[in-house]
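The opening residue of the sequence shown carries number 4 in the working numbering; numbering runs sequentially from there.
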Amino acid sequence: MVGETTKAKADEKGEMGMTDIIGNRTIPQLLMEMATLYPKKTFVVFEDQQEQTSSLTYEEFLDKVRRLARALQQYGIQKGDKVLLHLPNGIDFMISWFSVTSIGAVMVPTNVLSTAEEMAYLLEHSETKLVITEKEYVHKFTRFRDQLNGLFLARSEEHDYGVSLQNIIHDTEPLTAFPRLSSDDIASILYTSGTTSKPKGVLLTHANYIYVGEIMSKTLRMSPDDRVFIVLPMFHGNGQYYLAMPALTVGASIAIAERFSASRYFQQAKRLRATVGSLFAAPLKMILKKPYRSADAKHSLRLIIFAQSITREQLREFEQRYRVSLRQLYGMTETVGTPLINPLDGYYNNISMGRPTIGYRVMLVDENGHEVKDGEAGQIIVNGIPGRTIMKGYFHNEEATSSTIKDGWLYTGDVARKDPNDGFFYFVDRQKDMIRRAGENVAAGEVEEVINQCEGVFESAVIGVPDEIRDEAIHAFVIAKDGYDLSEQEIIDVCKQKLAKFKVPEAIHFVDEFPRTSVGKIQKHELKKFLYEKGAPKRK
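Take a look at the structure:
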């Protein structure tokens, strides 16, 4: 809970109120508005893995949405019912997303890499009524066939366990009028990846989507001339929040690649005439590891936003190689938009997460909820209105909701410092990644930053390992740059020079790659599990 002194301070400044820029607008209303303004303009263009492209104008897209919306109703899907999308990136995902939400149903997008067991949990927890997927993933849902209203198959003909999505859209007459909805109605449930527990379902309203479209389009200076480039998985909030909704808000276009390819990224962007992209640090690093081609610097991208840590050297090399501006930001599924971002105009520092974005208030607090002094580490909390500017809550999890949203503040679990001179925020670590060593708190991110500065180090990940004497021992996993033969002692010596003694790792483990989530985040729990159960992984 935010301390009373902090809350009173905010009240005195008049900062607790927020102008409502959303009104009662909904996702289908926004789509219809833009289809009226730009009927013949390309809305979405898609490139598959064979580099074959397809596209739809605004009016063509709306027509398909109307047809699938009626089909969903004919299959008994009503307002509030959950429709699970188990689809790769593509136009089918987009049509399904907008069709489901246009009739007041709730979209539940999921990761196609999830196992059958993982999908069983998500399907049952979300109370899914209908599944839209592809033929190769049908086996994950066959045992639930009797409890589902239907199973639609994209990019497939009829199948024993489902019907063709394309045939349904083609054979169904378009819905003439969408049901009357409220901006406060739930539009989707986005499941966050679980590490030590089951995934939590983030409840998002139509207002959340309208809000993020308005905020991000202004923050990224989007116009109808822009074409955003989505390569990260669309079940994740990144593509929905930062690119698709802002593009729709201003009548821009959306380019989608079926999946991210480090070697093809800039050539795809050029072919699809993209202007704004979004990546994480891991994909940026993957691109840097590929052989450089001068042709990759010839593209139409004006901006790539990104999240997560990357070194100054890597930032400089990326911008110089590919001649595109980068801007680091900070956001999470629960915050909806990006509470922090480096500004497009004026001074910016991409080592930082940026400054507070329009529409958000950000504070750093101690364990008692009191604001810390500038320069001190504290948990990032974000002020907002549940269901409008931040998530509504967690589906069927009141305990997690109440511990995350307190007095209008969303507690992120991330630790940062605010520079007292320029007001930029710097990531320290996830609270759960803070290591307790001999009574001292050590931020894994601080140790990683030092290791990443070592010559020959491409990337590192630091974890705490239970230790009978010191509470936890510090272990670092390191990926070396190509052509470098590093030793454990070299890295430890650098750490001894730049870190307090209690922050120096006990052990360095060289690996070829890290276990990652679908959006490139390092799965440190997997590193710990591997270390505990099998010993440190060896380099190939």
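Glycine is no exception: its CB is placed at the ideal position from the N, C-alpha and C atoms.
Cutoff 6 Å; reference residue i; Cβ partners in own chain excluding five residues on either side
i: G459; result: A483, K484, Y487 and L489
i: L178; result: R69, A72 and R73
Residues that DSSP places opposite residue i in a beta bridge
i: Q331; result: F309
i: D432; result: V418
i: D460; result: The question names Asp, yet the displayed sequence has Val at residue 460. Bridge partners of V460: A483.
i: K409; result: W412
i: R519; result: I525
i: E374; result: V368
i: V279; result: V231 and L306
i: G357; result: F428
Spatial neighbours of residue i in its chain, beta-carbon cut-off 7 Å, leaving aside the 5 residues before and after
i: G93; result: F49, I259 and E261
i: K293; result: A265 and S266
i: A210; result: I25, S186, D187, G390 and R391
i: V134; result: L87, H89, F144, L151 and L154
i: E529; result: P518
i: Y78; result: L133, N152 and G153
i: I511; result: A479, V481, E491, I494 and I495
Three-state secondary structure (DSSP) of residue i
i: F96; result: helix
i: N241; result: helix
i: T198; result: Annotation note: pLDDT 45 at T198 (below 50); position unreliable, no value reported.
i: Q382; result: strand
i: M366; result: strand
i: M219; result: helix
i: Y535; result: helix
i: K288; result: helix
i: L343; result: strand
i: P31; result: helix
i: P112; result: strand
i: T208; result: strand
i: H397; result: A quick correction: the sequence has Tyr, not His, at residue 397. In the structure shown, Y397 sits in a strand (DSSP, three-state: E or B).
i: F232; result: strand
i: V445; result: strand
i: M248; result: helix
Beta-carbon gap between residue i and residue j smaller than 7 Å
i: V453; j: V465; result: no
i: D432; j: G448; result: yes
i: V365; j: V385; result: yes
i: V68; j: L59; result: no
i: A255; j: M225; result: yes
i: L367; j: G357; result: no
i: R2; j: E475; result: Any property of residue 2 remains undetermined from this structure, which presents the chain solely from 4 to 543.
i: F147; j: L168; result: no
i: A72; j: S99; result: no
i: T175; j: A74; result: yes
i: L318; j: N352; result: no
i: A157; j: E139; result: no
i: I307; j: G280; result: yes
i: F238; j: P112; result: yes
i: F1; j: P227; result: The shown model of the chain, from 4 to 543, leaves out residue 1, and the question about it has no answer.
i: A272; j: L251; result: no
The ligand ADP heavy atom lying under 6 Å from the CB of residue i
i: S297; result: The ligand content of the structure shown is nil, which means the ligand ADP is not present either.
Interface flag, residue i vs chain B, CB-CB below 7 Å
i: T179; result: Here chain B cannot be found, since the structure has a single protein chain.
Neighbourhood of residue i by C-beta, 8 Å cutoff - its chain only, sequence neighbours within 5 removed
i: K532; result: none
i: L65; result: L34, M35 and A38
Checklist entry - Along the chain, which unbroken stretches of the beta strand (DSSP E) at least 3 residues long are found entirely within the segment 36-92? => result 45-50, 56-60 and 85-89
Item to check | Length at least 3, wholly inside the segment 119-172: the beta strand (DSSP E) runs in chain order | outcome: 131-137 and 153-157
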